[in-house]
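Structure first, then comments.
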DNA sequence: TCTCATTTGCAAATCGTTCGCATTTGCGTT
DNA sequence: AACGCAAATGCGAACGATTTGCAAATGAGA
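Below is the structure:
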């Protein structure tokens with residue numbers, strides 16, 4: 025992502041229009057510390073005095089996801105999708121069952137395992153998804 | 025699970041009524057090779073000439089899940105929940121992006137990693153979810 | 001400035017799932 | 001076997017997250 029947060033170039037490079045809603049949504053995701061729901065993004069846009077319809081947020085996120093600028097994820101037990109900026113890093117999340125905080129980590133225990141799968145199951149791995157649940161240091165004493 | 029597929033004892037042991045719908049759903053999940061959606065379960069019940077409402081299937085699955093007889097899961101990119109009989113085994117799924125076949129495996133590369141998380145992040149792990157995507161041996165040549 | 005394909009406003013529709021209430025059923029008790 | 005009653009199901013509506021349709025607005029190339 026460009027240092028000066030200029031998404032115009034990024035959007036143009038992907039062959040799509042650089043609209044104010046798209047840039048605003050990308051900025052909101054960049055500022056967010058954790059993946060956001062559509063409603064959270066929508067409300068943040070409203071706070072910034074932007075006029076936008078919820079269906080537009082959905083459409084915009086769908087376009088940005090299809091261009092790999094944004095990552096869409098759902099998490100076990102959560103029926104709402106969440107979105108985050110795609111930093112092109114390989115990372116996963118630890119999720120606290122108590123406070124629902126999500127902490128990302130980049131060490132991946134699955135990489136070596138994928139080679140074993142190719143050998144044992146004749147399976148060509150292209151991606152994986154890992155989520156780890158438990159209690160963070162703040163919540164482990166209140167469970 | 026009982027060898028003679030008699031779920032009456034299982035349901036009674038959990039303190040809930042042993043109804044024909046519940047036994048039928050447990051049997052369908054036992055016969056299934058992969059986790060099933062609510063609609064698939066509903067249609068299979070219909071094929072067996074059972075009269076049932078979709079809302080009853082949802083309620084029954086919710087009760088069976090709460091008693092740990094059934095496992096509910098969602099998978100990346102799939103907006104429908106899926107259900108499978110709980111064999112009390114620790115396993116994960118490899119999912120073929122081509123034919124959507126799901127193959128389970130029991131080796132788990134995450135177990136050792138959980139200890140590292142406790143040490144490094146002061147995080148008490150209680151569960152994890154792992155899905156691996158790619159192409160099975162039948163689809164790798166058509167991608 | 002003009003043009004036009006793309007995007008958004010606006011609102012309804014869809015889908016997966018849950019809820020409310022009347023009726024039926026499973027099962028413990030007699 | 002009959003009875004009673006709490007739980008389960010029939011029936012259909014409701015809910016929330018998401019998608020769709022169409023007219024109007026906008027971004028960007030010429």
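Protein chains in written order, with my numbering: chain E, 25 to 167; chain S, 25 to 167. Where a beta carbon is used, it is the ideal one built from N, C-alpha and C, also for glycine.
Put simply, the backbone Cα of residue 112 (chain S) is about 27 Å away from that of residue 123 (chain E).
Restricting attention to beta strand (DSSP E) runs no shorter than 3 residues, the segment 72-158 of chain E encloses them at 94-97, 106-109, 116-120, 126-129, ordered along the chain. When E:59, E:159, E:128, E:62 are compared, the shortest CA-CA separation from residue 114 (chain E) is found for E:128.
Secondary structure at residue 61 (chain E): strand, using DSSP grouped into helix, strand and coil.
In the displayed model, residue 36 (chain S) falls within a helix according to three-state DSSP.
By the neighbour-count criterion, in which a residue is buried when 16 or more other Cβ atoms sit within 10 angstroms of its Cβ, residue 92 (chain S) is exposed.
By the criterion of at least three beta-carbon pairs nearer than 8 Å, the segment 45-55 of chain E is in contact with the segment 68-76 of chain E. From the beta-carbon of residue 147 (chain E), the residues of chain S found nearer than 9 Å are 118, 120, 127, 156, 158, 159, 160, 161, 164. In the same chain as residue 121 (chain S), and ignoring 5 residues on each side of it, the C-beta atoms closer than 7 Å to its own belong to 157, 158, 159, in chain order. By a beta-carbon distance limit of 8 Å, residue 97 (chain E) contacts residue 59 (chain E). Their separation comes to about 6 Å. Using a 10 angstroms sphere on the CB of residue 35 (chain E), the tally of other CB atoms reaches 16 or more, which defines it as buried. Sequence-distant partners of residue 53 (chain E) (beyond 5 residues in either direction) whose C-beta falls short of 8 Å from its own C-beta, in its chain, are 60, 65, 94, 107, 108, 109. Sequence-distant partners of residue 149 (chain S) (beyond 5 residues in either direction) whose C-beta falls short of 8 Å from its own C-beta, in its chain, are 138, 141, 142. Between residue 43 (chain S) and residue 101 (chain E), the alpha-carbon positions lie close to 27 Å from each other. Taken atom to atom, the span from the alpha-carbon of residue 56 (chain S) to that of residue 81 (chain S) is near 16 Å.
Any Cβ of chain E closer than 7 Å to the Cβ of residue 153 (chain S) would place that residue at the interface, and such an atom is present. Interface annotation, residue 137 (chain S): in contact with chain E, CB-CB separation under 7 Å. In terms of beta-carbon proximity, residue 134 (chain E) lines the interface with chain S, with at least one pair separated by less than 7 Å.
Judged by beta-carbon spacing, residue 147 (chain S) lies beyond the 7 Å limit of residue 119 (chain E), meaning their Cβ atoms are not closer than that value. Annotation: residue 161 (chain S) is outside any alpha helix (DSSP H) and is labelled neither H nor E by DSSP.
Judged by DSSP in its simplified three-state form, residue 43 (chain S) adopts coil rather than helix or strand. The beta-carbon of residue 58 (chain S) is placed no less than 7 Å from the nearest beta-carbon of chain E. In the three-state DSSP reduction, residue 48 (chain E) falls in the helix class (H, G or I).
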